[in-house]
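Numbering (the UniProt record's numbering), first residue to last: 1 to 679.
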């Protein structure tokens, strides 16, 4: 496609000469990206110049000719989303944001690249008001986020129509993003769903940090996309005319598009151009001088020539008219549509959602029946689906055993109104696309799978916590209680690892009423992800109170208080083992030992309660014993050095659940004995 002339209808070309070729008009703008990036890296003393120097032309064509955005309103709901998946090349994004006029990315901010407190961090960190749509750096996460953004756009488009939602998602992609396993998961799923508004720009420079890509890869990467159903164009990534034509072709094709851009890493620096050092080798002032001589750039450090700066600002200003037209269309829809649209994109929950949960609690309190814990969560979700149409559920090929589809139709290439995403056996992509959906806004994503498979989601879980995204991760099959599937499916260590993750709220309810309270907490929580952990096995009804009070909201509470005198023993537990603590209490009480049971569904919520409340719940001067079908790690925080713990010390085994609990000594008798020996 190199050398094809672009169409001109409706185009705006920033040039002193309206008749100038596109390359002549835009090449100086691309060089502005290069020099601003190099100046920032030189000031910081480190950075990754390969991406901004190699992808400058691609970015310039996208932003100046095709991108729908308005720096004056960075969070405009119908803006295009741009993801820098190869996030190490962050100065490409910062240069673009500064040059086009994003207030948060001032020249001083660019000068402070990689300094503490700078919005221009070493890798892009989620800040939509600054134009940074997602945190990237761990390779492959960005393209999976972009997939989620494209899914969210397609669904919201089906719900609200073209007048309100009609935008595209673009991702800059490096070799590493496509070598990571999540990359192949994304390629397959996006192609299957035929997400035509998703476009990748692959920086095909044939170099990684170790050297040539031939060291570790030999297949035809572009062909991977073709066989997965993508539209693929292969171009010279430094040919502005070719880039423009390729983007036009992508926008016209109903399939997701991959534009394979053959580029030269560190283009313009003779010492590093095309070399492995072009990735992040240290730069020196003479490198900048040589690049300036090559490109005829006379401006000094952090100095953008006035005409080029004005052209870039004009590019940023072009979106104002498009946004104004969008606002008129929104105003014309009527109050009811406007109210629902604003509620949805702002993340405000619809009236009646809390009453739905309270009604479920009252029902379960009246019925007092045992039920499979994960099925209980499915019941609650099904009730919420009716009042919260923005909930979308993604599941990794476990529709039947996790039971969270219910009345939802599938989101498919033919039905964008569907709310259930069949992710296939792709947990990593599922978790990361859920992050992208949350970052996009307008949907509440659930990501559902077995707890032992959460390790496949680990990077996504961590990134959700780091970004503070309100993703709801729903996990089933949480312990040795799954029985005969054996130790590969018994996640004895994973609950502790999730609790150790900063900003990850972990909820493990003991029965249906606590499950409803967990859902209420999860939906209210907007500053980070929630991991709701449910058992495969049936759990008895331990709570009889079905009122509006959420006893789980403080993290822990006294489920059963001691009787027959001052409390001497406190038994603490979560989830399926709370029933064991209740049975142990009965044995101790029968022996004349006043014993309380504390249910602790959420450690982090309990930790932030005031000291008086924590003391009242845990008791002072009492023996403490915790019971959980998991490893002890972390429980010392609540039981102290002298407290007892009944749980797992290693991996599980294959056998019936009740036999496994006896085999590993997780019984009421063992809990009671652990208390007796400490009295």
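Yeah, the Cβ is synthetic: ideal placement off N, Cα and C, and Gly gets one too.
- Query: Which one or two residues does DSSP pair with residue 444 in a beta bridge?
  - Reply: 391
- Message: Taking only three categories from DSSP, how would you classify residue 663?
- Response: helix
- Task: Would you kindly work out how many angstroms separate the C-alpha atoms of residue 127 and residue 504, rounded to a whole number?
- Result: Their backbone Cα atoms lie some 19 Å apart in a straight line.
- Task: Report the option in 507, 273, 243 whose CA atom is closest to the CA atom of residue 212.
- Result: 273
- Task: Tell me, please, which residues DSSP counts as bridged to residue 235.
- Result: 261
- Query: Shortest alpha-carbon distance to residue 557 belongs to which of 566, 543, 563, 565?
  - Reply: Taking residue 557 as reference, the option from 566, 543, 563, 565 with the minimal CA-CA separation is 543.
- Item | Three-state secondary structure assigned by DSSP to residue 560 | strand
- Task: Please classify residue 425: is it buried, with 16 or more other beta-carbons within 10 angstroms of its beta-carbon, or exposed?
- Result: exposed
- At which residues does the beta strand (DSSP E) containing residue 201 begin and terminate? 198-204
- Item | Residue range of the unbroken alpha helix (DSSP H) whose run includes residue 309 | 306-317
- Task: Could you please give the first and the last residue of the uninterrupted alpha helix (DSSP H) stretch that includes residue 402?
- Result: 399-402
- Closest residue to residue 450 among 222, 396, 551 (Cα-Cα distance): 396
- Query: Based on the DSSP secondary-structure assignment, which residues constitute the bridge partners of residue 599?
  - Reply: 557, 573
- Task: Would you list the residues sitting across from residue 127 in a DSSP beta bridge?
- Result: 132
- Message: Looking at residue 446: is its Cβ nearer than 8 Å to the Cβ of residue 404?
- Response: yes
- Using the C-alpha atoms, what's the distance from residue 456 back to residue 99? Taking the straight line from one Cα to the other gives about 39 Å.
- Quick one: Cα of residue 474 to Cα of residue 436, how far? 17 Å
- Item | Through-space distance from residue 595 to residue 575, alpha-carbon basis | Going by C-alpha positions, residue 575 is about 19 Å away from residue 595.
- Query: Does the beta-carbon distance from residue 85 to residue 172 come in below 8 Å?
  - Reply: It is a contact, given that the beta carbons lie within the stated cut-off.
- For residue 472, three-class secondary structure by DSSP: strand
- Item | Proximity below 8 Å, CB of residue 139 to CB of residue 176 | yes
- Beta carbon of residue 530 nearer than 8 Å to that of residue 522: yes
- Query: When burial is assigned at 16 or more other CB atoms within 10 Å of the CB, is residue 660 buried or exposed?
  - Reply: buried
- residue 648 - containing beta strand (DSSP E), residue span: 644-648
- Name the one or two DSSP bridge partners that residue 372 has. In the DSSP secondary-structure assignment, residue 372 is bridged to 538.
- With burial defined as no fewer than 16 other Cβ atoms inside 10 Å of the residue's Cβ, what is the status of residue 327: buried or exposed? exposed
- If residue 500 and residue 643 are in contact, beta carbons under 8 Å, what's the gap, nearest whole angstrom? Not quite, the Cβ-Cβ distance comes to about 19 Å (not below 8 Å), so this is no contact.
- Message: What would DSSP say about residue 327, mapped onto helix, strand or coil?
- Response: helix
- For residue 406, which option in 421, 93, 415, 192 has the closest C-alpha, if you only look at C-alpha atoms? Residue 421 is the option with its Cα nearest to residue 406.
- Query: Would the beta-carbon of residue 336 fall within 8 Å of that of residue 343?
  - Reply: no
- Message: Between the alpha carbons of residue 77 and residue 130, how many angstroms are there, rounded?
- Response: 14 Å
- Query: For the beta strand (DSSP E) that residue 170 lies in, which residues bound it at each end?
  - Reply: 169-173
- Query: Do residue 278 and residue 207 have their C-beta atoms within less than 8 Å of each other?
  - Reply: yes
- Query: Rounded to whole angstroms, how far is the Cβ of residue 609 from the Cβ of residue 582, which I believe are closer than 8 Å?
  - Reply: 23 Å between Cβ atoms; not a contact.
- Query: Which two residues bound the contiguous alpha helix (DSSP H) that contains residue 618?
  - Reply: 611-618
- With a floor of 4 residues, list each alpha helix (DSSP H) that falls wholly inside the region 266-298, ordered by position along the chain. 285-295
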